[in-house]
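Single-structure report; data block below.
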Amino acid sequence: MHSAVEQELTQEKDEVRERIFEKSFELFLRYGFAKTRMEEIARTLRISRKTLYKHFANKHELLKEVMTDKHLRIHGRIEGIFQDPDKSIKEKIQSMRGCLSSEIPHGMNEFLREIRDQAPDIWKQIQSLKEKNINRTMRKMIETGIKNGEIRSDVNPDIVLLIHSAASEAMFDPNFLAQTPYSIRDLVQELDNIIFYGIVKREDT
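The sequence shown maps to residues 1 to 205 in full-length UniProt numbering.
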C-alpha cells in the first residue's frame with residue numbers, strides 16, 4: 001500500500017508529464033517534429049533539461065508517449081460515448097464525429113505525414129492502437145445498432161470496418177496529404193458521414 005507521500009509524488013509526476021505532453025504536442029504541430037528540440041520544450045515549460053530528460057530519454061521516446069496518450073484520450077472519450085445509455089446509435093455516431101473533430105487540430109496533416117516519414121515505428125503503433133481500440137468500439141456500436149434495429153440487419157460489421165480502415169489508411173498517405181486542400185478533420189468527418197449515412201439524399205423524418 002502506498003503512503004500518502006508516495007501518492008502525492010506520483011500525482012505530481014503525472015501532472016508534470018501531462019504538461020510536457022500538452023506543450024510538446026503544441027510545439028510539434030507548430031514547428032514540426034524534426035525542428036522541435038528538447039531544449040525548446042524545456043524552455044517553454046520553464047523546466048530544466050535535466051527534468052525533461054528525467055521523464056523522457058530522447059525526443060523519439062517523448063513523441064511515442066505523446067501519441068499514445070493522445071490516442072488513449074480519444075479512445076476513452078469514444079468508449080464513454082458508446083456506453084452512454086441515454087443516446088441512440090445515431091446520436092452516438094454524431095457525438096463520436098464531434099469528438100474526433102475536436103481532437104484533431106489544424107496542422108495535423110503535416111504532423112502526421114512527418115511521423116509516418118521520420119518515425120515509422122510510432123506510426124505503426126498508432127495504427128495498431130486504432131485497430132485494437134477504436135475499431136473494436138465501432139464494431140460493438142454497429143453490432144448493438146443491428147441488435148436494436150437502429151442499423152440495417154443486412155449490414156456486415158466486418159466489411160464496414162474493413163472499408164473504414166482502408167479509407168482511413170489511404171487518407172493518411174503522405175502523397176495524398178500533400179496534395180489535398182482539406183484538413184484531416186474535414187476528411188475524417190466526411191468519411192464517417194459517407195460510411196454511416198451514405199451519399200443518397202435522405203427524406204426528413
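By construction, the Cβ of each residue, glycine as well, lies at the ideal position given by its N, Cα and C atoms.
The model shown is predicted, which means the values in this text are computed figures rather than measured ones.
Applying the criterion that 16 or more other CB atoms from any shown protein chain within 10 Å of the CB defines a buried residue, is residue i buried or exposed?
i	result
Ile74	buried
Arg113	buried
Lys92	buried
Ile199	exposed
Phe56	buried
Lys201	exposed
Ala170	exposed
Taking the alpha-carbon positions, what's the residue i to residue j distance?
i	j	result
Arg37	Ser153	53 Å
Ser88	Glu190	21 Å
Glu103	Arg49	29 Å
Leu9	Leu27	Note on Leu9: pLDDT 48, under 50, position unreliable in the model; no value is reported.
Ile20	Lys13	11 Å
Leu52	Ile146	49 Å
His71	Ile126	8 Å
Ala34	Arg17	21 Å
Glu22	Glu150	38 Å
Asn148	Pro85	13 Å
Glu15	Glu79	24 Å
Tyr182	Asn175	13 Å
Ile41	Gly32	12 Å
His164	Ile47	42 Å
Val5	Ala178	Residue placement at Val5 is flagged as unreliable, the pLDDT there being 48, under the threshold of 50; a coordinate-derived value is accordingly withheld.
Asp186	Tyr197	16 Å
Lys140	Lys54	40 Å
Val155	Glu39	52 Å
Ala166	Thr180	18 Å
Could you check which residue in the options has the C-alpha nearest to that of residue i?
i	options	result
Phe25	Gln83, Lys92, His106	His106
Ile195	Glu131, Ile134, Leu162	Leu162
Leu129	Glu143, Lys64, Asp173	Lys64
Ser168	Glu131, Phe56, Ala34, Glu22	Glu131
Asp173	Asp84, Asp117, Glu150	Asp117
Gln83	Ile47, Val155, Lys201, Met138	Met138
residue 215	Ile47, Arg43, Thr144, Asp69	In the structure displayed, the chain extends from 1 to 205; residue 215 sits before or after that span and is not available.
Under 7 Å between the Cβ atoms of residue i and residue j?
i	j	result
Asp192	Arg77	no
Ile184	Met108	yes
Leu100	Val160	no
Ile29	Phe111	Ile is not the amino acid found at residue 29; the sequence shown has Leu there. Their beta carbons are under 7 Å apart, which means Leu29 touches Phe111 by this criterion.
Ile115	Ser95	no
Ile134	Pro157	no
Taking 6 Å as the cut-off, does the CB of residue i come closer than this to any heavy atom belonging to the ligand SAM?
i	result
Gly76	As presented, the structure is devoid of all ligands, the ligand SAM included, so that no description of it is given.
Check whether the region 49-63 touches the region 111-126, counting contact only when three or more Cβ pairs, one atom from each stretch, lie closer than 8 Å.
yes
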